[in-house]
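Residue numbers (the working numbering): 49 to 100.
To keep things clear, I will list the structure first and then write my remarks on it.
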């Protein structure tokens, strides 16, 4: 019975670590996407300034 409890807590720890890693990856993905949007916007602004 105790072994089962220990195994369950290990599994939960492993799952929470996996969740944290996924959350971190999602955060970086969103961050990079926002950065890309910002760069795109800056390029558009520069293009309009050059064409004016």
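Positions of the beta carbon are idealized from the N, C-alpha and C atoms, including for glycine.
Since this is a predicted model, take the numbers as computed values, not measurements.
Pairing residue 71 with residue 59, the inter-Cα distance amounts to about 18 Å. When DSSP assignments are scanned along the segment 52-87, no uninterrupted stretch of alpha helix (DSSP H) that is 4 or more residues long falls wholly within it. When the Cα atoms are used, residue 52 and residue 77 turn out to be separated by approximately 37 Å.
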